[in-house]
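What follows is a set of notes on a single structure, which appears directly below.
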Amino acid sequence: MTRYPAYKVAVAHVAPVFLDLAATVEKTCGLLEEAARHDAQLVAFPETYIPAFPVWSALRAPIYNHDLFRRLAANSIRCPGPELAQIASVARRLGIVVSLGFNEISPASVGCIWNSNVLIGDDGTILNHHRKLVPTFFEKLTWANGDGAGLRVADTRLGRVGMLICGENTNPLARFTLMAQGEQVHVSTYPAIWPTRDPKEGGNYNLANAIRIRAGAHSFEAKAFNVVASGFMDSTMREALADLTPDASRILDASPRGVSMVLGPTGEPVGEVLSDTEGLLYAQVDIAACVEPKQIHDVVGYYNRFDIFKLTVDRSANRPITFVSGAEAARDGLPSGVTEPEGSQVVNVRFEG
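Numbering that gives the first Met the number 0 puts the first residue of the sequence shown at 0, with every later residue one more than the last.
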C-alpha cells in the first residue's frame, strides 16, 4: 500500500555569518536544533548559505574584488569534508533531513568554486550532491559550471525529494528531469538580493516576483510541494557590502529582496511568507495532497506524448582527470594508475560523528 507521509518543514530564511566558515557552521547547527524543537522533519537553507553569496560582483568591477574572492575561497568547503560531517552529525542525532547550500572547493584547485547543494538524510548520509549547472549573469565571475550528476530525486521517508538552485528553476528541462523521477517535494534556493541595474535607472530584476513565478509554476506542473529558501541580508553583511563603493549602500537598500515560502501542489502558498525578517518559517506538508491534481495534468504520465517528446540527460560527474586501476589499464593498453581521485561525485556517503 502506498504511504503518504505528512510532516512539518522549516525554511531557514537566514543570513550567514558573513564570510566566516566556522561561525556559519555553528549557526547552522544551532538552527537545526531550533527547528527540531519545533518538530520540523526537513530543514532547507538558502543558496550558497555557507559562507556567503557573492553579491559584490554586482556592485563593483571585478578588478577590485580579488580579496573578496580569496576570502570566499578560503571559507568554502569540500564535499565530503569536516564541516559537512559536523552538520550531518547533528542531522543524524536530531533525525532530520537537511538541504544545504554552500560554496564548494575541490582538492584539484584552490581557486575553483562551485555553487553547490547537498541533501543530507536523517541518518547523516549524503543523499544527493548537486552543483549548479550554469552560473547566472555576474555569478560567472565566481563559480564554475556544474554537471548533471546531481539531477537526482532522493527517495526518503518524507517522500521523493529533489532540489534546484536559483535560476535552474527557470530551466524547463532540468525541472522535468526531477519531475520524471517522481519528485514530490522540491527544494529551491535563492540569494537574499540580486541587483541587475542601478535602481535609480529603473528596470531592476524583481527577485521576489521571479521566485513566486518560478516556484508556483513548478509546484503546479509537478503537482509537488515547493520549499523555497531565500537568503537574508543582515546588518553585518550590509555594512560589509555598503563600504565597497559610494553607491553600494543606495543600491542595496533599493533592490528587491528574496522571499521564502512553501507552496502546495496547486501552486498556492502553504502558511506564511518571509522576506524582511530573519527567521525559521514552518509549514505543513502532506504528500497525499499531490495525488488528486495528477488526475488533471500529469506531465510525466498520461498528460504527455512520449512518442513525440524525448529527453536524454547525461548524469556523468565532470572531473579534471580520471585514474584507472592496473587491471583496467592492462585491459585498455594504458599505463597503470591509481583509483578514482578524491573529489569525485559522492552519493550515499555516511559521515561518522
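We put the CB at the ideal spot given by N, CA and C, even for glycine.
Can you tell which of the options has its C-alpha closest to the C-alpha of residue i?
i	options	result
Leu243	Asn64, Glu33 and Met0	Asn64
Ala287	Ile192, Ala60, Val184 and Asp233	Val184
Asp66	Leu18, Tyr204 and Gln40	Leu18
Tyr3	Val290, Phe305 and Ile307	Val290
Gly149	Leu163, Leu30, Arg159 and Thr155	Leu163
Gly166	Arg92, Gly201 and Gly257	Gly257
Leu140	Val42, Ala57, Asp197 and Arg77	Ala57
Ala316	Phe308, Lys131 and Val8	Lys131
Pro358	Val272, Ser248 and Lys293	Since the first residue of the chain shown is 0 and the last is 352, residue 358 is not available in this structure.
Asp197	Lys309, Pro319 and Pro245	Pro245
Gly145	Arg156, Val298, Asp313 and Leu206	Asp313
Ala73	Gly158, Asn102, Ala228 and Val54	Asn102
Which partner residues of residue i appear in the DSSP bridge assignment?
i	result
Asp154	Arg159
Asp285	Ala5
Phe224	Val184
Asp142	Note that residue 142 corresponds to Trp in the displayed sequence, not to Asp. BP columns for Trp142 point to Ile112.
Tyr189	Ser229
Reducing DSSP to helix, strand and coil, say where residue i ends up.
i	result
Leu371	Lying before the first or after the last residue shown, residue 371 is absent from the chain, which here runs from 0 to 352.
Cys28	helix
Gly100	strand
Thr124	strand
Gly147	helix
Leu262	strand
Pro268	strand
Ala84	helix
Verify the contact flag: residue i, CB atom, against every heavy atom of the ligand COA, threshold strictly below 8 Å.
i	result
Arg318	You won't find the ligand COA in this model; it holds no ligand whatsoever.
Residue i lies in the alpha helix (DSSP H); which residues open and close that run?
i	result
Cys165	No alpha helix (DSSP H) holds Cys165; DSSP gives it neither H nor E.
Val117	That residue, Val117, is in no alpha helix (DSSP H); its beta strand (DSSP E) goes Ser108 to Ile119.
Asp252	Ala247 to Ala253
Within its chain, find whatever has a CB closer than 6 Å to the CB of residue i; leave out the 5 residues flanking it on each side and keep chain order.
i	result
Gly352	Residue placement at Gly352 is flagged as unreliable, the pLDDT there being 41, under the threshold of 50; a coordinate-derived value is accordingly withheld.
Pro268	Met260 and Leu262
Phe219	Gly266
Gln180	Val152
Leu30	Ala11
Between which two residues does the beta strand (DSSP E) holding residue i run?
i	result
Gln40	Ala39 to Ala43
Tell me which same chain residues have a C-beta within less than 7 Å of the C-beta of residue i, skipping the five on either side of it?
i	result
Phe52	Glu46, Pro190, Ala191 and Gly230
Using a Cβ-Cβ cut-off of 8 Å (strictly less than) and excluding sequence neighbours within five positions of residue i, which residues of its own chain qualify?
i	result
Ala14	Ala191, Gly230, Phe231, Met232, Asp233, Thr235, Met236 and Glu277
Val24	Ile49, Glu82, Gln85 and Ile86
Asn347	Note that Asn347 scores a pLDDT of 47, beneath 50, so its modelled location is shaky; the value from the coordinates is reported in the next line. Excluding sequence neighbours, Asn347 sits near Thr124, Ile125 and Leu126.
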